[in-house]
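Student: Numbering (this note's numbering), first residue to last: 3 to 401.
For every residue, glycine included, the Cβ atom is placed at its ideal position computed from N, Cα and C.
Here's a structure for you.
The structure is reproduced here in structure tokens:
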């Protein structure tokens with residue numbers, strides 16, 4: 003007679019075979035969600051199916067905090083996990099460790115879910131947005147250090163506001179490591195107390211490429227950042243969750259750089275215009291007072307009674323004295339204002355840097371040379387000193 007095994011032993015054997023297979027551990031499976039249920043215990047139960055088969059799935063409570071969206075029936079997802087056997091029923095099921103939307107429709111649904119959640123919390127409210135500093139001293143760029151975006155931002159910042167220091171915080175901007183990299187970089191800004199404003203972002207790409215900037219952890223890291231944050235993700239038509247949470251949005255990385263710093267040439271022109279207005283205002287005041295003195299003198303000359311002449315002389319003297327005091331006071335006040343404006347202008351002037359012995363070297367096209375790699379043998383260069391310029395030709399480069 004053939005030896006038989008019990009149903010329990012059979013089920014246990016199948017379980018050992020399936021759960022012991024390396025092929026059935028930590029792999030991805032894709033399908034459509036059905037019968038999704040978030041149990042009061044914190045566990046999630048659902049079925050993944052396609053047009054031919056289905057498999058029961060479980061996500062334990064310890065794994066659900068990693069969910070960045072709420073799965074709904076009919077949504078296509080990718081699930082990472084392992085196969086296990088439920089001995090009581092003798093059925094196998096998939097134990098999910100991670101769920102991600104699969105396809106643009108699912109991505110958009112997850113995007114809208116998170117957007118509604120954060121908006122309800124007030125993270126998009128204008129009342130919590132911080133103003134950008136008018137004259138930043140240190141600007142942090144939280145982006146890929148090798149991207150075209152960082153080069154564009156550095157170029158714009160250097161041209162518009164050369165007085166600022168640019169600090170590049172390198173991050174990964176797409177892929178599985180992008181979210182933790184961005185969160186850690188934004189949190190690290192607390193170690194740089196001199197940073198006045200930060201730009202976080204990257205160049206253009208597909209919705210999948212930009213998806214890290216739709217992550218809840220990244221959104222909260224932006225909201226909790228110690229300094230104002232400007233988002234600069236993709237192109238003008240790309241809107242991410244990061245754009246809604248940030249204090250301001252730049253349509254492109256270059257546009258974000260223009261938002262955070264003023265144009266030094268415009269400022270110098272404004273100072274010149276204000277100085278001219280001040281000088282013209284003082285001259286108009288003096289002309290008006292001289293005219294008033296002439297009118298009073300004329301009236302006094304035509305008055306016949308001696309007493310009135312005396313009174314007018316006294317009055318003229320008093321007016322002259324008060325006028326002199328007013329002129330002196332006004333001139334002193336205007337000189338003080340002009341000195342203040344001059345001091346501000348002086349503080350903004352790149353000549354201060356040149357006066358300390360530094361110089362600025364530009365290529366023949368006017369581009370500022372910052373590194374040896376910016377020049378080639380034979381290039382014509384123009385070096386600006388505090389007094390005068392030097393024209394040179396590159397004949398060699400240091401090793």
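Give the secondary structure of residue 348 by DSSP, where H, G and I count as helix, E and B as strand, and everything else as coil.
Tutor: If DSSP states are grouped into helix, strand and coil, residue 348 belongs with the helices.
Student: Excluding five sequence neighbours on each side, which residues of the same chain lie with their C-beta closer than 8 Å to the C-beta of residue 255?
Tutor: If we look at residue 255 and ignore the five residues flanking it on each side, its Cβ neighbours are 145, 151, 152, 154, 155, 201, 203, 204, 205 and 234.
Student: Quick check on residue 29: buried or exposed, where buried means 16 or more other Cβ atoms within 10 Å of its Cβ?
Tutor: Exposed, since its Cβ has fewer than 16 Cβ neighbours within 10 Å.
Student: Taking the continuous beta strand (DSSP E) assigned at residue 102, which residues delimit it?
Tutor: From DSSP, the beta strand (DSSP E) with residue 102 extends over 93-103.
Student: For residue 357, which residues of its own chain have a beta-carbon under 6 Å away from its beta-carbon, when the five flanking residues on both sides are left out?
Tutor: 388.
Student: Pick helix, strand or coil for residue 213, following the three-state DSSP scheme.
Tutor: Note: residue 213 maps to helix in three-state DSSP.
Student: Quick one: measure Cβ to Cβ for residue 109 and residue 209, integer angstroms, because I've assumed they're closer than 8 Å.
Tutor: About 6 Å; that satisfies the 8 Å criterion.
Student: Give the single residue among 64, 86 and 47 whose Cα lies nearest to the Cα of residue 15.
Tutor: Checked all of 64, 86 and 47; the closest Cα to residue 15 is 86.
Student: Quick check on residue 282: buried or exposed, where buried means 16 or more other Cβ atoms within 10 Å of its Cβ?
Tutor: So residue 282 counts as exposed.
Student: With DSSP as the reference, label residue 190 as helix, strand or coil.
Tutor: In the structure shown, residue 190 sits in a helix (DSSP, three-state: H, G or I).
Student: Less than 8 Å separating the beta-carbons of residue 272 and residue 261?
Tutor: Contact flag unset, no.
Student: Nearest-angstrom Cα distance between residue 8 and residue 38?
Tutor: Those two C-alpha atoms are separated by around 34 Å.
Student: Pull up the CB-CB distance for residue 35 and residue 93, whole angstroms please, since I reckon it's below 8 Å.
Tutor: That pair is no contact at about 19 Å.
Student: Return the CA-CA distance between residue 147 and residue 377, expressed in angstroms with no decimal places.
Tutor: One C-alpha to the other measures close to 21 Å.
Student: Would residue 374 and residue 277 qualify as a contact pair, given that the criterion is a beta-carbon distance under 8 Å?
Tutor: The answer is no: Cβ separation not under 8 Å.
Student: Have a look at residue 105 and residue 78 and give me their C-alpha separation to the nearest angstrom.
Tutor: The alpha-carbon atoms of residue 105 and residue 78 are separated by roughly 7 Å.
Student: Please report the distance separating the alpha-carbon of residue 287 from that of residue 353.
Tutor: Near 34 Å, if we compare the C-alpha coordinates of residue 353 and residue 287.
Student: CB residue 355 to CB residue 364, shorter than 8 Å?
Tutor: No.
Student: Name the residue from 243, 236, 165 and 166 whose alpha carbon lies nearest to the alpha carbon of residue 113.
Tutor: Checking every option, the nearest Cα to that of residue 113 belongs to 243.
Student: Mind reading off the beta-carbon distance from residue 69 to residue 101? Whole number of angstroms is fine, and I expect it under 8 Å.
Tutor: Between residue 101 and residue 69 the Cβ distance is about 6 Å, and since that is below 8 Å, they are a contact.
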